Amino acid sequence: GAGVSQSPSNKVTEKGKDVELRCDPISGHTALYWYRQSLGQGLEFLIYFQGNSAPDKSGLPSDRFSAERTGGSVSTLTIQRTQQEDSAVYLCASSFGAGIETQYFGPGTRLLVL
Amino acid sequence: DQQVKQNSPSLSVQEGRISILNCDYTNSMFDYFLWYKKYPAEGPTFLISISSIKDKNEDGRFTVFLNKSAKHLSLHIVPSQPGDSAVYFCAASDSGGSEKLVFGKGTKLTVNP
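Sequence order for the protein chains is V and H. Taking this note's numbering, the leading residue of the first sequence gets 134, the next gets one more, and so forth. Taking this note's numbering, the leading residue of the second sequence gets 209, the next gets one more, and so forth.
Below is the structure:
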């Protein structure tokens, strides 16, 4: 079946503009995660959705970052008033359920803020 | 404070030999560990995992060893193949807490023909 898909694959924007990144999880997966990988760093957790529960937003670096998940499927990560330090690869992952479940990653969105 | 550390940024081995990638963690609450492989311009791909109730898990050419007392795990690839060349990430989670994964910075493995 289809894996996790993300769009766009690449995004170049100017400092101060807003961007929206999209994630389509694997069908049937109830858990969805956003991570980001800055240059030379490991993956950094941003936010986690599980079913209808309140999302775990503990990894969001500032209030310029927000995410929503509509209908328990597609998720959008929004970065407002982008800064150069927001440049990174933003990765989405999904898993079958909560708890110890293998997370499957999408190819990522490469964001460059000029 | 890095909770998952991969101290070797790169490793180079000859085809057919063993590759050993190491990972250390500091959070004693971690009880589930995973290895992911990442090719350029692709997302990480799950490779193998181990629960803290085990000290070894094997899947084909890949074996993960866990030493809880030392808070150390390692991934062994035998025999190494050129197609194994990628960045390998160690990740950990606390099943009793958040489901989020905490990742190391990765080790770039190069397998030379």
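Each residue gets a CB set at the ideal place from its N, CA and C atoms; glycine is no exception. Small disclaimer: the values here were computed from a predicted structure and weren't measured.
Quiz item: Just the Cα atoms here: how many angstroms apart are H:G314 and H:L229?
Solution: Using only the alpha carbons, I get a separation of about 10 Å.
Exercise. Determine whether the Cβ of V:D196 lies closer than 8 Å to any Cβ atom of chain H.
Key: no
Self-check item: Residue of H:L242, H:K308 and H:G224 minimising C-alpha distance to H:D267
Solution: H:L242
Exercise. For the region 135-144 of chain V and the region 188-202 of chain V, state whether three or more C-beta atom pairs, one from each stretch, are separated by less than 8 Å.
Key: no
Quiz item: Measuring from the CB of H:G312, is there a heavy atom of the ligand ADP at a distance below 7 Å?
Solution: Ligands displayed in this structure: none; no statement on the ligand ADP is therefore possible.
Quiz prompt | CB of H:F238 within 8 Å of CB of H:A300, strictly | solution = yes
Practice problem: Measure how close the beta-carbons of V:R208 and V:H162 come, nearest whole angstrom, since I'm counting them as under 8 Å. | Solution: The question names Arg, but residue 208 of chain V in the sequence shown is Ser. That belief does not hold up - the Cβ atoms of V:S208 and V:H162 are roughly 11 Å apart, past 8 Å.
Self-check item: Rounded separation between H:L309 and H:S303 - CA only
Solution: 10 Å
Practice problem: Find out if the Cβ-Cβ distance for the pair V:L154, V:Y237 is shorter than 8 Å. | Solution: no
Exercise. Output yes if chain V places a C-beta closer than 8 Å to the C-beta of H:F273; else output no.
Key: no
Quiz item: Among residues of its own chain, excluding the 5 on either side of V:Q249, which ones have a beta-carbon nearer than 7 Å to its beta-carbon?
Solution: Past the boundaries of the shown model lies residue 249 of chain V; chain V is included only from 134 to 247, so the question cannot be answered.
Quiz prompt | Cβ-based neighbour list, V:A221, same chain, cut-off 7 Å, excluding 5 preceding and 5 following | solution = Excluding sequence neighbours, V:A221 sits near R169, Q170, S171 and L244.
Quiz item: Excluding five sequence neighbours on each side, which residues of the same chain lie with their C-beta closer than 6 Å to the C-beta of V:N143?
Solution: Here the set comprises R243.
Quiz item: Would you say V:G278 faces chain H, with C-beta separation under 8 Å as the test?
Solution: Residue 278 of chain V lies beyond the stretch modelled for chain V, which goes from 134 to 247, so this question has no answer here.
Quiz item: Residues in its own chain within less than 6 Å of V:L210 by CB, not counting five upstream and five downstream?
Solution: L154, W167 and A200
Practice problem: Note down, in chain order, each residue of its chain lying with its Cβ closer than 7 Å to the Cβ of H:S324, except the 5 sequence neighbours on either side. | Solution: Nothing about residue 324 of chain H can be reported from this structure: the residues present for chain H run from 209 to 321 only.
Quiz item: So, are the CB atoms of V:G192 and V:F182 less than 8 Å apart?
Solution: No.
Self-check item: Residues of the region 297-315 of chain H whose Cβ lies closer than 8 Å to any Cβ of chain V, in chain order
Solution: F297, A299, S301, S303, S306, E307, K308, L309, V310, F311, G312, K313 and G314
Quiz item: I think H:K262 touches H:Y233, with their Cβ atoms under 8 Å apart; what is that distance to the nearest whole Å?
Solution: That belief does not hold up - the Cβ atoms of H:K262 and H:Y233 are roughly 16 Å apart, past 8 Å.
Quiz item: On the three-state DSSP scale, how would you describe V:Q249?
Solution: Absent from the structure is residue 249 of chain V, since the part of chain V shown begins at 134 and ends at 247.
Quiz prompt | chain H within 8 Å of V:Y223, Cβ atoms only | solution = no
Quiz item: If you scan the region 229-301 of chain H from start to end, which runs of the beta strand (DSSP E) of 3 or more residues do you find wholly inside it?
Solution: 240-246, 253-259, 264-267, 270-275, 280-285 and 294-301
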